[in-house]
Amino acid sequence: MLCGAFGATIDEAARRLDPPGGILLAVSGGPDSLALLLASAAWRRSAGSFHLPIHVATVDHRLRPESAGEARFVAALSAQHGFPHATLPWAGPDGRGNLSARAREARYGLLLSHARQHDLGLVLVAHHRDDDVETHLIRRSNGADLVVAAGMRRLRWLAPDVLLGRPFLGIARVRLARAVAAEGMTPVDDPANRDPRYQRARIRIALTAEPRRGERALRDLARCKMARDRGEQVLADAIADLEGTGRLRFAEDGAIVVERSVFAEMSERCAGHLVSRAVVAAAGTATPPSGEAVREVLARLRSGGAEQGVHSLGGALVAITSTQAVFMREYGRSGIAALSLAEATRKRGEHGMTWPAVFDGRVVLDLGPWRTLTGPKLVPLGALGLGGHRTRCLPVLLDAAGRPHAAMGAAAIRLGRDVAALDFKLLAPHLLKRDLPPPKCLTPPQP
Numbered sequence: 002m003l004c005g006a007f008g009a010t011i012d013e014a015a016r017r018l019d020p021p022g023g024i025l026l027a028v029s030g031g032p033d034s035l036a037l038l039l040a041s042a043a044w045r046r047s048a049g050s051f052h053l054p055i056h057v058a059t060v061d062h063r064l065r066p067e068s069a070g071e072a073r074f075v076a077a078l079s080a081q082h083g084f085p086h087a088t089l090p091w092a093g094p095d096g097r098g099n100l101s102a103r104a105r106e107a108r109y110g111l112l113l114s115h116a117r118q119h120d121l122g123l124v125l126v127a128h129h130r131d132d133d134v135e136t137h138l139i140r141r142s143n144g145a146d147l148v149v150a151a152g153m154r155r156l157r158w159l160a161p162d163v164l165l166g167r168p169f170l171g172i173a174r175v176r177l178a179r180a181v182a183a184e185g186m187t188p189v190d191d192p193a194n195r196d197p198r199y200q201r202a203r204i205r206i207a208l209t210a211e212p213r214r215g216e217r218a219l220r221d222l223a224r225c226k227m228a229r230d231r232g233e234q235v236l237a238d239a240i241a242d243l244e245g246t247g248r249l250r251f252a253e254d255g256a257i258v259v260e261r262s263v264f265a266e267m268s269e270r271c272a273g274h275l276v277s278r279a280v281v282a283a284a285g286t287a288t289p290p291s292g293e294a295v296r297e298v299l300a301r302l303r304s305g306g307a308e309q310g311v312h313s314l315g316g317a318l319v320a321i322t323s324t325q326a327v328f329m330r331e332y333g334r335s336g337i338a339a340l341s342l343a344e345a346t347r348k349r350g351e352h353g354m355t356w357p358a359v360f361d362g363r364v365v366l367d368l369g370p371w372r373t374l375t376g377p378k379l380v381p382l383g384a385l386g387l388g389g390h391r392t393r394c395l396p397v398l399l400d401a402a403g404r405p406h407a408a409m410g411a412a413a414i415r416l417g418r419d420v421a422a423l424d425f426k427l428l429a430p431h432l433l434k435r436d437l438p439p440p441k442c443l444t445p446p447q448p
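If you count the sequence shown from 1, position 324 lands on 325 in the working numbering, and the numbers rise without skipping.
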């Protein structure tokens, strides 16, 4: 059963990835991730001559003294199955924000970087049905709508070139534990899983004490997933139609321009999801803005021509005129982080680029011609004290002395003829449609 679920996820991912590259297993040493390791070994044996390279990584958050030893335990098991293993250390919390959220963000960032370094297009984690139910209940308790409360996806884009897969999402935790026990393996025990200071642990304890509550939550989760699927199909069809008729377009700087009347014509729920996705696409972030903030901006968009102005939302600016809404990157009080080329990881794919890398989550730049410079780094044009709302967010390539050598689009023009134009690809189209199904109504976009 585990091997079948593993193989089905691989097959689906291979249809989406070009090229598929290999597989990265995220294994902590707990029972769930050990089941993932066992399933991958069984799948490789059953695949015969067809198989993809499989690597294993353990993220060491350094939050417990046992973590280094647990990583060595996983490394030894990986070696037994012939899988290369790497320990990915986290520098640790900086005291800002929610520790669990920061650790999760760091974990996926480390896994993504490692996957790119080794041309691994699919990262697999061991989340299971119980995890999905717990996530559903957490989000419900926080007032989430149906889409957010629908929980995890079996496959989602971790980045435009790397998929995140959860082959065990339909399998109960107890089945994974039994599979590991049947192999005589003793998994790592993380006491945080039972620590009532954490919301997820409290929910887990409550569901164990009251199984019927878990059954009700599972049914509610299934309904939410069905509602999400229906809503996302409607949205995918709407975006395809809007692109085809020119009512939604992507500007050369990555901004998304939408006719204002679109938001009044859509249902409120669909229009809200379009606003949320446009903000994410413009900001280059993985985190959507809060529902309340989206509703406030949407109310202005649907109010007719009277409400105009520029509004800050989720790392983006929404500029509303009488006829259109423009979603663009917000420079922010602290600006946009610089990217040292020495620290950049090469993006997979992008045929035609010699060394593609992602800047600010929004754009792929070909850095190949500039990697021989001394101390090169990418900064926004605004770091040089130049540019307006939109142009100051465009990337500029500097050498160690701070001299600009290349820039994107209008920023290159602004800096003069001695500054070359960077070859680039916008990620806004991918981010706007990320994880949506293919549209059923295929209206070709206007040229």
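A virtual CB, placed ideally from N, CA and C, is assigned to each residue, including glycine. Quick caveat: nothing in here was measured; it's all calculated off a predicted structure.
For a test of the three-state rule: what should DSSP assign to residue i, helix, strand or coil?
i       : result
Pro-439 : coil
Thr-88  : strand
Val-319 : strand
Trp-44  : helix
Thr-59  : strand
Leu-18  : coil
Pro-448 : Because Pro-448 sits at a pLDDT of 48, beneath the cut-off of 50, its placement in the model cannot be relied upon, and the following sentence gives the value as read from the coordinates. Reduced to three states, the DSSP call for Pro-448 is coil.
Ala-326 : strand
Ile-337 : coil
Lys-426 : strand
Gly-310 : strand
Val-134 : helix
Ile-11  : helix
Leu-432 : helix
Val-126 : coil
Arg-65  : coil
Ala-287 : coil
Arg-157 : strand
Leu-121 : strand
Ala-421 : strand
Leu-78  : helix
Ala-6   : helix
Report the option in the options whose CA atom is closest to the CA atom of residue i.
i       : options                               : result
Thr-373 : Leu-399, Leu-177 and Asp-361          : Leu-399
Gln-234 : His-128, Ala-173, Leu-78 and His-274  : His-274
Ala-412 : Pro-430, His-390 and Ala-401          : His-390
Asp-419 : Phe-425, Lys-426 and Ala-408          : Ala-408
Ser-313 : Ser-277, Gly-305, Ala-339 and Ala-345 : Ser-277
Cys-271 : Arg-229, Gly-285, Ala-307 and Asp-254 : Arg-229
Leu-53  : Ser-34, Arg-154 and Gly-23            : Gly-23
Arg-349 : Ser-304, Asp-146, His-115 and Val-189 : His-115
Thr-209 : Val-134, Asn-143 and Arg-404          : Val-134
Leu-38  : Phe-74, Phe-251, Arg-17 and Glu-67    : Phe-74
Ala-160 : Asp-190, Val-181 and Leu-121          : Leu-121
Asp-191 : Ala-252, Arg-65 and Pro-439           : Arg-65
His-86  : Gly-93, Ala-92 and Leu-78             : Leu-78
Ala-102 : Phe-7, Asp-367 and Thr-288            : Thr-288
Arg-155 : Gly-110, Thr-375, Ala-9 and Arg-415   : Ala-9
Leu-432 : Gly-255, Trp-356, Glu-344 and Arg-217 : Gly-255
Ile-321 : Gly-333, Glu-331 and Gly-306          : Gly-306
Arg-393 : Ala-401, Gly-376, Gly-403 and Arg-415 : Arg-415
Just to confirm before moving on: does the CB-CB distance between residue i and residue j stay below 8 Å?
i       : j       : result
Leu-342 : Lys-378 : yes
Ile-257 : Ala-294 : no
Ala-58  : Ala-27  : yes
Val-60  : Leu-112 : yes
Val-280 : Gln-325 : no
Leu-165 : Val-124 : yes
Lys-426 : Val-365 : yes
Leu-3   : Ala-36  : yes
Arg-214 : Ile-172 : no
His-56  : His-119 : yes
Arg-117 : Arg-347 : yes
Ala-265 : Arg-303 : yes
Pro-405 : Pro-188 : no
Considering just the uninterrupted stretch of the alpha helix (DSSP H) at residue i, what are its terminal residues?
i       : result
Ser-101 : 100-118
Phe-264 : 262-266
Gly-273 : 269-284
Val-148 : 147-150
Leu-299 : 292-302
I'd like the span of the beta strand (DSSP E) that includes residue i, first residue to last.
i       : result
Gly-166 : 163-166
Ala-256 : No beta strand (DSSP E) holds Ala-256; DSSP gives it neither H nor E.
Ala-180 : Unbroken run through Ala-180 is the alpha helix (DSSP H), 174-183; no beta strand (DSSP E).
Ala-27  : 24-27
### Query
Which ranges does the beta strand (DSSP E) cover as unbroken runs of at least 3 residues, wholly within the stretch 187-253, from first to last along the chain?
With a minimum length of 3 residues, the continuous beta strand (DSSP E) runs that stay inside the stretch 187-253 are 249-251.
### Task
List in chain order: all unbroken beta strand (DSSP E) runs of 3+ residues lying wholly within the stretch 350-411.
Listed in chain order, the complete beta strand (DSSP E) runs (minimum 3 residues) inside the stretch 350-411 are 357-360, 364-367, 378-381, 396-399 and 405-408.
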